[in-house]
Amino acid sequence: MADPFTLGVASGEPLPDGVMLWTRLAADPLSDDPRRPGGMAQRAVEVRWQLAEDDRFTRGVRQGTLQALPIWAHSVHVRVAGLAPGTDYFYRFMANGALSPVGRTRTADDPASTRPVRFAVANCQRYEHGFYTAYRHLAAERPDVVIHVGDYIYESGEAADPVRPLGPVSGQAIRLHEYRLRYARYRTDPDLRAAHAAAPWVPTWDDHEVADNYRGRGDGSQAFLRRRAAAYQAYYENQPLRVRPRNGNLQMYRRRTYGVVADFMVLDVRQYRTAGTMLGAGQEQWLLSRLRTSPVRWRVLVQPLFFARRFVPGPAPNLRTDSWDGHPGQRARILAANAPGLVVLSGDVHNAWAGELKADFLDPASATVGVEFVGSSISSRPPRTDGPAVLAANPHLTFFDDRRGYLSGVMSPEELRVAYRAVDFVDEEGSPVRTVAEFVTMGSGLTSENTSSK
Ligand SMILES: [Fe+2]
1 MADPFTLGVA SGEPLPDGVM LWTRLAADPL SDDPRRPGGM AQRAVEVRWQ
51 LAEDDRFTRG VRQGTLQALP IWAHSVHVRV AGLAPGTDYF YRFMANGALS
101 PVGRTRTADD PASTRPVRFA VANCQRYEHG FYTAYRHLAA ERPDVVIHVG
151 DYIYESGEAA DPVRPLGPVS GQAIRLHEYR LRYARYRTDP DLRAAHAAAP
201 WVPTWDDHEV ADNYRGRGDG SQAFLRRRAA AYQAYYENQP LRVRPRNGNL
251 QMYRRRTYGV VADFMVLDVR QYRTAGTMLG AGQEQWLLSR LRTSPVRWRV
301 LVQPLFFARR FVPGPAPNLR TDSWDGHPGQ RARILAANAP GLVVLSGDVH
351 NAWAGELKAD FLDPASATVG VEFVGSSISS RPPRTDGPAV LAANPHLTFF
401 DDRRGYLSGV MSPEELRVAY RAVDFVDEEG SPVRTVAEFV TMGSGLTSEN
451 TSSK
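Residue 1 is where the sequence shown starts when you use full-length UniProt numbering, and the numbers rise one by one after that.
What follows is the structure in structure tokens.
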């Protein structure tokens, strides 16, 4: 029997007393047989799991057995509870006589903890656009938690001029087996698997997990809703989420809190989008109430899209309607909550940016009410962008860089520091990584440190 652990292992959704553990069995990950996703027969497979204090599994903490079912593409989601807060653990799986790689995970801090939180932010990893070397460097940092702000896969047909080909089924993903195969293709990358095995993840999605620039229920047709349901199911099957999709929906907005230091408010900017709002009414109400009442130092919006105003000089359109500039009313209500320690983590634009959030973006003298850090991309190619011209047109934006990479940060009760890490190239393996800028804030305004220009 071939090794069923070709897609690696993962953990995520940390709480002070527990985490989710994940794997998905795939003896032949690139099998394009719709009746045998991952090359697995249509029957349940028994999977054992173990969690220990050490990576040699001499100090076992929990273990169990469960069935990997064909209706969930032989994925398993293990909910482990009763653990100690702020603690590293190691886990592995056994199935069909094979042993999986070992993953390292970590619980969230105790609710009273003031310990600094080390986090990384990743996004936008189009497979054909390049190698995931940035993930190899991210994994080596072993952060407390990895935040993913979307475009984990691209549903599109194969990109022109690919650095590496998608292989079988390289057309646009529409049906369930096509999404499943796309995730399997992405997970064949060893650096992506290493990043999942290095730390627990808290992911949210953007559009390409389903379809380019989709909003809400799309055109409302049965065909689109079937496609969205298939995409949501495949997303669940390939991430260590706590909740399953139900009736074609998947509850994604949630918070993950680390002590009194970091309150990660994870948003869903796609599923509930309406003509007038990015988040829909229910999610907005949830967010505003948490922003107003959170007792935590840093209130962090985890979401894909550029939040600050970004006016692009030149021919129209100068503001991007798919982003928050297309939803200024809801953005204004979020900023008007006046949440102390407001931080936005975002991505989507395939270039790195940093800036301040203003009470009124059109008035540079208005109050600074938060900061934003925009991650570049792990591999996705950037559009042509005149960074200096955009910076000049938007005084609240202070930093632009056009290299691929990720963010690496630490939050403490005193300050928040974010380093922009960039790789030199993604068209071959093995790029080194460098810190191209580092920012620090104590809650109002952003100070740049050690920034090296190109
Ligand atoms: Fe993207």
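Heads up, the beta-carbon is just placed ideally off N, CA and C, and yes, glycines get one too.
None of the values given here were measured: they were computed from a predicted structure.
Quick one, are the C-beta atoms of residue i and residue j less than 9 Å apart?
| i | j | result |
| --- | --- | --- |
| A140 | Y406 | no |
| V426 | Y132 | yes |
| A339 | R297 | no |
| G103 | S170 | no |
| D32 | Y127 | no |
| A26 | G38 | yes |
| T368 | H396 | yes |
| R273 | G282 | no |
| M252 | W286 | no |
| V47 | T65 | yes |
| T61 | W22 | Reading off the sequence shown, one finds Val at residue 61, where the question assumed Thr. No, these two residues do not count as a Cβ contact at 9 Å. |
| S376 | R333 | no |
| V374 | G347 | yes |
| W324 | F311 | no |
| R92 | L99 | yes |
| L192 | Q125 | yes |
| A211 | F224 | yes |
| R270 | R215 | yes |
| H196 | S380 | no |
| F399 | G355 | yes |
| I174 | E209 | no |
| A68 | A95 | yes |
| L267 | L288 | no |
| D28 | R35 | no |
| L7 | Y135 | no |
| R242 | L250 | no |
| R290 | R256 | no |
| L181 | P165 | no |
| E155 | Y179 | yes |
| D401 | N351 | yes |
Give the single residue among the options whose Cα lies nearest to the Cα of residue i.
| i | options | result |
| --- | --- | --- |
| Q172 | V300, R227, L83 and Q42 | R227 |
| T293 | F307, F306 and A337 | A337 |
| M278 | Q330, V312 and S289 | Q330 |
| P101 | P304, F5 and S113 | F5 |
| A419 | G445, W353, D363 and G370 | W353 |
| S444 | R254, N394, S380 and L342 | L342 |
| L15 | F361, T87 and Q239 | T87 |
| F119 | A95, D144 and E414 | D144 |
| G259 | D360, P304, H137 and T114 | T114 |
| E372 | G276, L416 and A365 | L416 |
| P116 | D263, A194, Y186 and L51 | D263 |
| D360 | V349, H350, V344 and L335 | L335 |
| D322 | L291, K358, A275 and R290 | A275 |
| R320 | L345, Q303, V349 and P295 | V349 |
| P304 | D110, G326 and L345 | L345 |
| residue 455 | E13, E449 and G97 | No information on residue 455 is available, as it lies outside the stretch 1 to 454 that the chain covers here. |
| I71 | Y236, T58, P168 and E429 | Y236 |
If you follow the beta strand (DSSP E) that residue i is part of, which residue opens it and which one closes it?
| i | result |
| --- | --- |
| residue 460 | Past the edges of the chain, shown from 1 to 454, lies residue 460, and the structure says nothing about it. |
| F224 | Taken as a continuous stretch (DSSP letters only), F224 belongs to no beta strand (DSSP E), being part of the alpha helix (DSSP H) at Q222 to E237. |
| V410 | G405 to M411 |
| P203 | W201 to T204 |
| V296 | Careful: V296 lies outside any beta strand (DSSP E) and carries neither H nor E. |
| T447 | T447 to E449 |
| I147 | V145 to V149 |
| A354 | A352 to K358 |
| R254 | R254 to Y258 |
| L342 | L342 to S346 |
| residue 519 | Lying outside 1 to 454, the shown extent of the chain, residue 519 is not represented and no answer is given. |
What residue range does the alpha helix (DSSP H) around residue i cover?
| i | result |
| --- | --- |
| S289 | G280 to T293 |
| residue 465 | The structure shown does not extend to residue 465, since the chain is modelled only from 1 to 454, so the question has no answer here. |
| D263 | Counting along the chain, D263 falls outside any alpha helix (DSSP H), though it belongs to the beta strand (DSSP E) covering A262 to V266. |
| T321 | It is not in any alpha helix (DSSP H) - T321 carries neither H nor E in the DSSP assignment. |
| A336 | P328 to A336 |
| H177 | L176 to R187 |
| D191 | P190 to A198 |
| R136 | T133 to E141 |
Is residue i near ligand 3 - that is, is its Cβ less than 8 Å away from at least one heavy atom of it?
| i | result |
| --- | --- |
| H350 | Looking at this structure, you won't find ligand 3 anywhere; what it does contain is ligand 1. |
Quiz item: At what residue ranges does the UniProt domain "Phospholipase D N-terminal" (7 to 107) contain a whole run of the beta strand (DSSP E), taking only runs of 3 or more?
Solution: Runs of the beta strand (DSSP E) inside the UniProt domain "Phospholipase D N-terminal" (7 to 107): 9 to 15, 18 to 24, 45 to 52, 60 to 68, 75 to 80, 88 to 95 and 103 to 106.
Exercise. Within the segment 371 to 440, note down every full alpha helix (DSSP H) run reaching 4 residues or more, in order along the chain.
Key: If we require 4 residues or more, the alpha helix (DSSP H) runs fully inside the segment 371 to 440 come out as 387 to 393.
Quiz item: Can we say the segment 380 to 387 touches the segment 406 to 419, given the rule of at least three CB pairs closer than 8 Å?
Solution: Counting C-beta pairs with one atom in each stretch, the segment 380 to 387 and the segment 406 to 419 have fewer than three that are closer than 8 Å, which means they do not touch.
Self-check item: Contact the segment 41 to 56 vs the segment 223 to 242: 3+ CB pairs below 8 Å
Solution: Taking a cut-off of 8 Å for Cβ pairs, the segment 41 to 56 and the segment 223 to 242 do not touch, as fewer than three such pairs fall below it.
Quiz prompt | Validate contact between the segment 143 to 151 and the segment 194 to 209 using beta carbons, cut 8 Å, 3 pairs | solution = Cβ pair count under 8 Å is three or more, so yes.
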